[in-house]
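Residue numbers (our numbering): 33 to 342. Structure record follows, encoded as C-alpha coordinates.
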(Lines of atoms letter the chains of each structure in order from A; the text may use other names.)
(Lines give C-alpha, C1' and ligand atoms only; values in the text may rest on other atoms or scores of the structure.)
Protein backbone atom coordinates (compact mmCIF):
# COMPACT_ATOMS: atom_id res chain seq x y z
CA UNK A 33 0.00 0.00 0.00
CA UNK A 34 1.44 3.36 -0.97
CA UNK A 35 1.40 6.64 0.90
CA UNK A 36 3.25 9.77 -0.21
CA UNK A 37 4.67 12.48 2.05
CA UNK A 38 5.31 15.80 0.34
CA UNK A 39 6.69 18.85 2.04
CA UNK A 40 5.00 21.48 2.90
CA UNK A 41 4.90 18.11 3.81
CA UNK A 42 3.06 15.88 1.54
CA UNK A 43 2.91 12.22 2.34
CA UNK A 44 1.66 10.00 -0.34
CA UNK A 45 0.26 6.57 0.58
CA UNK A 46 2.71 5.36 -1.09
CA UNK A 47 4.06 8.80 0.61
CA UNK A 48 3.74 12.69 2.36
CA UNK A 49 3.64 16.19 0.72
CA UNK A 50 4.96 19.20 2.65
CA UNK A 51 6.72 22.62 2.58
CA UNK A 52 9.97 22.91 4.47
CA UNK A 53 10.19 22.55 8.28
CA UNK A 54 6.74 21.02 8.68
CA UNK A 55 7.95 18.12 10.79
CA UNK A 56 7.41 15.21 8.43
CA UNK A 57 10.96 14.01 8.94
CA UNK A 58 10.06 13.63 12.61
CA UNK A 59 6.69 12.00 11.94
CA UNK A 60 7.77 9.38 9.41
CA UNK A 61 10.54 7.73 11.46
CA UNK A 62 8.14 7.24 14.36
CA UNK A 63 6.52 4.41 12.45
CA UNK A 64 9.81 2.66 13.15
CA UNK A 65 9.74 3.68 16.81
CA UNK A 66 6.35 1.99 17.15
CA UNK A 67 7.93 -1.24 16.03
CA UNK A 68 11.07 -1.15 18.02
CA UNK A 69 7.95 22.28 18.07
CA UNK A 70 10.42 26.36 13.92
CA UNK A 71 9.95 29.15 16.14
CA UNK A 72 11.98 32.33 16.33
CA UNK A 73 12.78 31.39 19.94
CA UNK A 74 14.42 28.07 19.05
CA UNK A 75 18.10 29.13 18.97
CA UNK A 76 17.85 30.63 22.47
CA UNK A 77 17.09 27.37 24.26
CA UNK A 78 20.20 25.42 23.22
CA UNK A 79 22.29 28.54 23.87
CA UNK A 80 21.25 28.69 27.53
CA UNK A 81 21.23 24.96 28.16
CA UNK A 82 24.53 24.44 26.34
CA UNK A 83 26.21 27.14 28.42
CA UNK A 84 24.96 25.45 31.60
CA UNK A 85 26.62 22.22 30.50
CA UNK A 86 29.93 24.05 30.00
CA UNK A 87 29.74 25.80 33.37
CA UNK A 88 29.09 22.47 35.09
CA UNK A 89 31.86 20.73 33.12
CA UNK A 90 34.40 23.47 33.98
CA UNK A 91 33.76 22.83 37.66
CA UNK A 92 33.93 19.03 37.40
CA UNK A 93 37.10 19.12 35.30
CA UNK A 94 38.77 21.45 37.81
CA UNK A 95 39.43 24.19 35.27
CA UNK A 96 40.01 27.60 36.95
CA UNK A 97 38.19 30.75 35.92
CA UNK A 98 40.24 33.22 33.93
CA UNK A 99 38.23 36.03 35.51
CA UNK A 100 36.95 35.34 39.04
CA UNK A 101 33.93 37.60 38.53
CA UNK A 102 32.58 35.11 36.01
CA UNK A 103 31.78 32.74 38.85
CA UNK A 104 28.69 34.83 39.62
CA UNK A 105 27.65 34.64 35.96
CA UNK A 106 28.02 30.88 36.13
CA UNK A 107 25.90 30.70 39.30
CA UNK A 108 23.28 32.94 37.69
CA UNK A 109 23.09 30.63 34.68
CA UNK A 110 22.94 27.45 36.77
CA UNK A 111 19.97 28.91 38.66
CA UNK A 112 18.02 29.13 35.40
CA UNK A 113 14.80 27.10 35.43
CA UNK A 114 12.53 26.35 32.52
CA UNK A 115 9.88 23.76 31.75
CA UNK A 116 11.46 20.91 29.82
CA UNK A 117 10.91 21.10 26.10
CA UNK A 118 9.67 24.70 25.98
CA UNK A 119 11.61 27.35 24.04
CA UNK A 120 13.17 30.31 25.83
CA UNK A 121 11.23 33.42 24.87
CA UNK A 122 13.25 36.41 23.58
CA UNK A 123 12.54 38.62 26.62
CA UNK A 124 13.83 35.97 29.03
CA UNK A 125 16.82 35.18 26.84
CA UNK A 126 17.88 38.85 26.87
CA UNK A 127 18.35 38.61 30.64
CA UNK A 128 21.04 35.99 30.12
CA UNK A 129 22.89 37.60 27.20
CA UNK A 130 25.44 39.53 29.37
CA UNK A 131 26.26 36.39 31.36
CA UNK A 132 26.56 34.25 28.23
CA UNK A 133 28.81 36.81 26.57
CA UNK A 134 31.07 37.13 29.62
CA UNK A 135 31.31 33.37 30.09
CA UNK A 136 32.23 32.69 26.48
CA UNK A 137 35.00 35.26 26.80
CA UNK A 138 36.51 33.32 29.70
CA UNK A 139 39.34 30.91 28.84
CA UNK A 140 38.02 28.50 31.49
CA UNK A 141 34.79 28.00 29.58
CA UNK A 142 36.68 27.84 26.29
CA UNK A 143 38.89 25.08 27.67
CA UNK A 144 35.83 23.18 28.91
CA UNK A 145 34.41 23.44 25.41
CA UNK A 146 37.66 22.18 23.83
CA UNK A 147 37.53 19.18 26.20
CA UNK A 148 33.88 18.38 25.49
CA UNK A 149 34.81 14.82 24.48
CA UNK A 150 35.72 14.18 28.13
CA UNK A 151 32.31 14.74 29.69
CA UNK A 152 28.89 13.14 29.26
CA UNK A 153 30.71 10.00 28.12
CA UNK A 154 27.76 7.79 29.01
CA UNK A 155 25.23 9.87 27.08
CA UNK A 156 23.01 7.85 24.77
CA UNK A 157 20.22 9.67 22.93
CA UNK A 158 16.69 8.78 23.95
CA UNK A 159 13.87 8.48 21.44
CA UNK A 160 12.76 11.98 22.45
CA UNK A 161 16.29 13.36 21.85
CA UNK A 162 16.23 11.88 18.36
CA UNK A 163 12.81 13.35 17.60
CA UNK A 164 13.91 16.81 18.75
CA UNK A 165 16.87 16.83 16.37
CA UNK A 166 15.74 18.43 13.11
CA UNK A 167 16.96 16.90 9.87
CA UNK A 168 15.72 18.43 6.64
CA UNK A 169 14.55 15.97 3.98
CA UNK A 170 16.87 15.99 0.98
CA UNK A 171 15.69 14.16 -2.10
CA UNK A 172 13.36 11.18 -1.67
CA UNK A 173 13.32 8.94 1.41
CA UNK A 174 11.20 5.77 1.58
CA UNK A 175 9.91 4.23 4.81
CA UNK A 176 8.48 0.69 4.83
CA UNK A 177 6.50 -0.39 7.86
CA UNK A 178 3.68 -2.71 8.91
CA UNK A 179 0.63 -1.79 10.99
CA UNK A 180 -1.48 -4.78 12.06
CA UNK A 181 -0.04 -6.98 9.30
CA UNK A 182 -0.78 -4.39 6.61
CA UNK A 183 2.33 -3.20 4.73
CA UNK A 184 2.74 0.50 3.99
CA UNK A 185 5.32 2.34 1.94
CA UNK A 186 5.70 5.99 2.84
CA UNK A 187 7.67 8.24 0.51
CA UNK A 188 8.96 11.41 2.19
CA UNK A 189 9.75 14.14 -0.32
CA UNK A 190 11.63 17.33 0.64
CA UNK A 191 9.43 20.38 0.97
CA UNK A 192 11.89 23.15 0.17
CA UNK A 193 11.26 24.75 -3.22
CA UNK A 194 14.40 23.20 -4.68
CA UNK A 195 13.04 19.73 -3.89
CA UNK A 196 9.55 20.03 -5.35
CA UNK A 197 10.39 19.12 -8.94
CA UNK A 198 11.02 15.58 -7.62
CA UNK A 199 7.50 15.11 -6.28
CA UNK A 200 5.60 13.92 -9.31
CA UNK A 201 7.92 11.02 -10.06
CA UNK A 202 6.61 9.51 -6.79
CA UNK A 203 2.91 9.66 -7.61
CA UNK A 204 2.54 6.51 -9.68
CA UNK A 205 0.24 3.98 -8.01
CA UNK A 206 -0.43 5.94 -4.83
CA UNK A 207 -3.56 5.38 -2.77
CA UNK A 208 -3.41 8.39 -0.44
CA UNK A 209 -1.66 11.70 0.03
CA UNK A 210 -0.82 12.87 3.53
CA UNK A 211 -0.35 16.61 3.21
CA UNK A 212 1.51 17.97 6.22
CA UNK A 213 1.80 21.64 7.14
CA UNK A 214 2.99 23.46 10.22
CA UNK A 215 -0.05 24.83 12.01
CA UNK A 216 2.05 27.35 13.96
CA UNK A 217 3.73 29.19 11.07
CA UNK A 218 0.97 31.69 10.29
CA UNK A 219 3.30 34.56 11.25
CA UNK A 220 6.48 33.29 9.54
CA UNK A 221 7.93 33.65 6.04
CA UNK A 222 9.81 31.23 3.79
CA UNK A 223 13.55 30.81 4.19
CA UNK A 224 13.87 30.94 0.39
CA UNK A 225 12.52 34.45 -0.24
CA UNK A 226 11.92 36.00 3.23
CA UNK A 227 8.63 37.48 1.98
CA UNK A 228 6.05 34.76 1.33
CA UNK A 229 3.98 33.71 4.33
CA UNK A 230 4.64 30.03 5.05
CA UNK A 231 1.00 29.16 5.65
CA UNK A 232 -0.05 30.88 2.42
CA UNK A 233 2.63 28.93 0.55
CA UNK A 234 1.32 25.69 2.02
CA UNK A 235 -2.25 26.56 1.03
CA UNK A 236 -1.19 27.31 -2.54
CA UNK A 237 0.64 23.99 -2.84
CA UNK A 238 -2.32 22.18 -1.30
CA UNK A 239 -4.64 23.80 -3.84
CA UNK A 240 -2.44 22.55 -6.68
CA UNK A 241 -2.30 19.01 -5.31
CA UNK A 242 -5.90 18.60 -4.20
CA UNK A 243 -7.35 19.85 -7.50
CA UNK A 244 -5.04 17.86 -9.77
CA UNK A 245 -7.13 15.53 -11.95
CA UNK A 246 -4.55 12.77 -11.40
CA UNK A 247 -5.66 12.60 -7.77
CA UNK A 248 -9.41 12.57 -8.31
CA UNK A 249 -9.72 9.12 -6.73
CA UNK A 250 -6.91 9.54 -4.20
CA UNK A 251 -7.83 10.21 -0.58
CA UNK A 252 -6.07 13.31 0.76
CA UNK A 253 -5.45 13.62 4.49
CA UNK A 254 -4.35 16.94 5.96
CA UNK A 255 -1.88 16.89 8.86
CA UNK A 256 -1.72 20.19 10.75
CA UNK A 257 1.53 19.57 12.59
CA UNK A 258 3.40 21.29 15.45
CA UNK A 259 0.32 21.57 17.63
CA UNK A 260 2.57 22.02 20.66
CA UNK A 261 3.97 25.23 19.17
CA UNK A 262 0.54 26.42 18.05
CA UNK A 263 -0.83 26.08 21.59
CA UNK A 264 1.88 28.42 22.88
CA UNK A 265 1.84 30.84 19.94
CA UNK A 266 -1.89 31.66 19.96
CA UNK A 267 -1.49 32.99 23.49
CA UNK A 268 0.67 35.90 22.32
CA UNK A 269 0.60 36.15 18.50
CA UNK A 270 -2.64 37.18 16.80
CA UNK A 271 -3.39 35.29 13.58
CA UNK A 272 -5.69 38.14 12.55
CA UNK A 273 -2.67 40.39 11.97
CA UNK A 274 -1.54 38.06 9.19
CA UNK A 275 -4.96 36.81 8.02
CA UNK A 276 -7.42 39.73 8.26
CA UNK A 277 -10.37 37.51 7.22
CA UNK A 278 -10.07 35.56 10.48
CA UNK A 279 -13.26 35.64 12.53
CA UNK A 280 -13.27 34.77 16.19
CA UNK A 281 -10.94 35.10 19.16
CA UNK A 282 -7.33 35.04 17.83
CA UNK A 283 -6.10 33.85 21.21
CA UNK A 284 -8.57 30.96 21.48
CA UNK A 285 -7.03 27.72 20.23
CA UNK A 286 -10.29 26.19 19.00
CA UNK A 287 -11.11 29.28 16.88
CA UNK A 288 -7.65 29.27 15.29
CA UNK A 289 -7.82 25.53 14.58
CA UNK A 290 -11.24 25.89 12.95
CA UNK A 291 -9.98 28.73 10.77
CA UNK A 292 -6.92 26.77 9.63
CA UNK A 293 -9.02 23.79 8.56
CA UNK A 294 -11.46 26.08 6.73
CA UNK A 295 -8.61 27.79 4.86
CA UNK A 296 -7.45 24.50 3.39
CA UNK A 297 -10.94 23.12 2.86
CA UNK A 298 -11.91 26.16 0.77
CA UNK A 299 -9.12 25.31 -1.69
CA UNK A 300 -10.89 22.11 -2.81
CA UNK A 301 -13.03 22.33 -5.95
CA UNK A 302 -14.22 18.71 -5.81
CA UNK A 303 -16.61 18.49 -2.86
CA UNK A 304 -17.67 14.87 -3.46
CA UNK A 305 -15.08 13.59 -0.98
CA UNK A 306 -14.56 14.77 2.59
CA UNK A 307 -11.29 16.35 3.71
CA UNK A 308 -9.82 14.25 6.48
CA UNK A 309 -7.62 16.21 8.86
CA UNK A 310 -5.63 15.69 12.05
CA UNK A 311 -3.82 18.10 14.36
CA UNK A 312 -0.51 16.46 15.24
CA UNK A 313 2.63 16.90 17.31
CA UNK A 314 5.45 15.06 15.55
CA UNK A 315 7.61 14.79 18.67
CA UNK A 316 4.75 13.20 20.65
CA UNK A 317 5.06 9.49 19.94
CA UNK A 318 1.67 8.58 21.41
CA UNK A 319 -0.07 11.28 19.38
CA UNK A 320 1.56 10.10 16.15
CA UNK A 321 0.79 6.47 16.99
CA UNK A 322 -2.90 7.32 17.39
CA UNK A 323 -2.98 9.42 14.21
CA UNK A 324 -1.23 6.83 12.07
CA UNK A 325 -3.68 4.15 13.15
CA UNK A 326 -6.57 6.51 12.32
CA UNK A 327 -5.00 7.26 8.94
CA UNK A 328 -4.56 3.55 8.27
CA UNK A 329 -8.29 3.01 8.85
CA UNK A 330 -9.16 5.96 6.60
CA UNK A 331 -6.94 4.67 3.79
CA UNK A 332 -8.37 1.16 4.02
CA UNK A 333 -11.97 2.39 4.10
CA UNK A 334 -11.46 4.64 1.08
CA UNK A 335 -9.72 1.86 -0.86
CA UNK A 336 -12.56 -0.53 -0.05
CA UNK A 337 -15.11 1.97 -1.37
CA UNK A 338 -13.16 2.30 -4.61
CA UNK A 339 -13.01 -1.49 -5.02
CA UNK A 340 -16.77 -1.82 -4.45
CA UNK A 341 -17.42 0.79 -7.14
CA UNK A 342 -15.33 -1.01 -9.77
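Note that beta-carbon positions come from the ideal geometry of N, C-alpha and C, so glycine has one too.
Practice task
Take residue 150 as the anchor and find which of 108, 184, 86 has the nearest alpha-carbon.
Solution key: Here residue 150 refers to the residue found at position 118 when the chain shown is read from its first residue. Of the candidates 108, 184, 86, the residue whose Cα lies closest to the Cα of residue 150 is 86.
Handout entry: Distance, residue 296 Cα to residue 136 Cα
Key = Within the chain shown, numbered from 1, the residue matching residue 136 stands at position 104. Within the chain shown, numbered from 1, the residue matching residue 296 stands at position 264. Approximately 47 Å, taken between the alpha carbons.
Exercise for the section: Find out if the Cβ-Cβ distance for the pair residue 309, residue 288 is shorter than 8 Å. Expected result: For the purposes of this step, residue 309 is taken as residue 277 along the chain shown, with counting starting at 1. For the purposes of this step, residue 288 is taken as residue 256 along the chain shown, with counting starting at 1. For residue 309 and residue 288, no; Cβs fall outside 8 Å.
Exercise for the section: Would you mind sorting residue 107 into buried or exposed? The rule is 16 or more other CB atoms within 10 Å of its CB. Expected result: To locate residue 107, count along the chain shown from 1; it is residue 75. With fewer than 16 Cβ atoms within 10 Å of its Cβ, residue 107 is classed as exposed.
Problem - Under the three-state DSSP convention, the category residue 183 falls into - result: Mapped onto the chain shown, residue 183 falls at position 151. Here residue 183 sits in strand by DSSP.
Problem - For residue 259 and residue 327, the rounded distance between their alpha carbons - result: Along the chain shown, read from residue 1 onward, the residue named residue 327 stands at position 295. Along the chain shown, read from residue 1 onward, the residue named residue 259 stands at position 227. The straight-line gap from Cα to Cα measures roughly 18 Å.
Practice task
Whole angstroms is fine: what's the gap from residue 121's alpha carbon to residue 275's?
Solution key: Residue numbering aside, residue 121 sits at position 89 when the chain shown is read from its first letter. Residue numbering aside, residue 275 sits at position 243 when the chain shown is read from its first letter. Using only the alpha carbons, I get a separation of about 24 Å.
Practice task
Counting only runs of 4+ residues fully inside the stretch 81-148, write out the alpha helix (DSSP H) ranges in chain order.
Solution key: Whole alpha helix (DSSP H) segments, 4+ residues: 102-110, 122-136, 139-146.
Problem - Beta-bridge partners of residue 297, as assigned by DSSP - result: To locate residue 297, count along the chain shown from 1; it is residue 265. Bridge partners of residue 297: none, in fact.
Handout entry: residue 97 beta carbon less than 8 Å from that of residue 138
Key = Taking the chain shown and counting its residues from 1, the one referred to as residue 138 is at position 106. Taking the chain shown and counting its residues from 1, the one referred to as residue 97 is at position 65. Yes.
Practice task
Decide if the stretch 178-185 is in contact with the stretch 225-244; the criterion is three or more beta carbon pairs, one per stretch, under 8 Å apart.
Solution key: no
Problem - residue 260 (DSSP reduced to helix, strand or coil) - result: Translated into positions along the chain shown, residue 260 becomes position 228. Looking at residue 260 - three-state DSSP - the assignment turns out to be helix.
Handout entry: Distance, residue 283 Cα to residue 271 Cα
Key = Residue numbering aside, residue 271 sits at position 239 when the chain shown is read from its first letter. Residue numbering aside, residue 283 sits at position 251 when the chain shown is read from its first letter. Their backbone Cα atoms lie some 8 Å apart in a straight line.
Practice task
Note down, one range per segment and in chain order, each alpha helix (DSSP H) of at least 4 residues found wholly within the stretch 226-281.
Solution key: Complete alpha helix (DSSP H) runs here, min 4: 230-242, 259-265.
Handout entry: Inter-residue Cα distance where the pair is residue 93 and residue 152
Key = Indexing the chain shown from 1 puts residue 93 at position 61. Indexing the chain shown from 1 puts residue 152 at position 120. One C-alpha to the other measures close to 12 Å.
Handout entry: Beta-bridge pairing of residue 311 - partner residues as DSSP gives them
Key = Your numbering for residue 311 matches position 279 in the chain shown. Partner(s): 256.
Problem - Residues that residue 176 bridges to, as DSSP identifies them - result: If you number the chain shown from 1, residue 176 lands on position 144. Beta-bridge pairing links residue 176 to 185.
Handout entry: Straight-line Cα distance separating residue 263 from residue 257
Key = Taking the first residue of the chain shown as position 1, residue 257 is located at position 225. Taking the first residue of the chain shown as position 1, residue 263 is located at position 231. The straight-line gap from Cα to Cα measures roughly 11 Å.
Exercise for the section: Return the bridge partner residues of residue 221 from the DSSP annotation. Expected result: Position 189 of the chain shown, counting from 1, holds the residue named residue 221. Note: residue 221 sits in a beta bridge opposite 229.
Practice task
Please check the pair residue 210 and residue 253, which I expect to be a contact at CB under 8 Å, by giving their CB distance rounded to whole angstroms.
Solution key: For the purposes of this step, residue 210 is taken as residue 178 along the chain shown, with counting starting at 1. For the purposes of this step, residue 253 is taken as residue 221 along the chain shown, with counting starting at 1. That pair is a contact at about 5 Å.
Problem - Buried versus exposed call for residue 331 [16 or more other C-beta atoms within 10 Å across all chains shown] - result: Residue numbering aside, residue 331 sits at position 299 when the chain shown is read from its first letter. So residue 331 ends up on the buried side.
Exercise for the section: With DSSP as the reference, please indicate the residues paired to residue 214 in a beta bridge. Expected result: For this step, residue 214 is matched to residue 182 along the chain shown. Residue 214 is bridged to 257.
Problem - Terminal residues of the alpha helix (DSSP H) in which residue 159 lies - result: Reading the chain shown from its first residue, position 127 is the one you call residue 159. Its alpha helix (DSSP H) spans residues 159-164.
Problem - Which of helix, strand or coil DSSP assigns to residue 328 - result: For the purposes of this step, residue 328 is taken as residue 296 along the chain shown, with counting starting at 1. Helix, per DSSP.
Exercise for the section: Ignore the nearest five residues each way along the sequence and tell me which others in residue 218's own chain have a CB closer than 7 Å to its CB. Expected result: Residue mapping note: residue 218 aligns to position 186 of the chain shown, counting from 1. These residues qualify, in order along the chain: 231, 271, 274, 275.
Handout entry: Helix, strand or coil at residue 321 according to DSSP, with G and I counted as helix
Key = As a position in the chain shown, residue 321 is number 289, starting the count at 1. In the three-state scheme derived from DSSP, where H, G and I count as helix and E and B as strand, residue 321 is classed as helix.
Problem - Among 164, 186, 163, the one whose alpha carbon lies nearest that of residue 17 - result: Nothing about residue 17 can be read from this structure; the chain reaches only from 33 to 342.
Handout entry: Euclidean distance between Cα positions of residue 255 and residue 313
Key = Along the chain shown, one-based indexing puts residue 255 at 223. Along the chain shown, one-based indexing puts residue 313 at 281. Residue 255 and residue 313 have their C-alpha atoms roughly 10 Å apart.
Practice task
Go ahead and label residue 81 buried or exposed: buried means 16 or more other beta carbons lie within 10 angstroms of its beta carbon, across all protein chains shown.
Solution key: One-based indexing of the chain shown puts residue 81 at position 49. So residue 81 counts as exposed.
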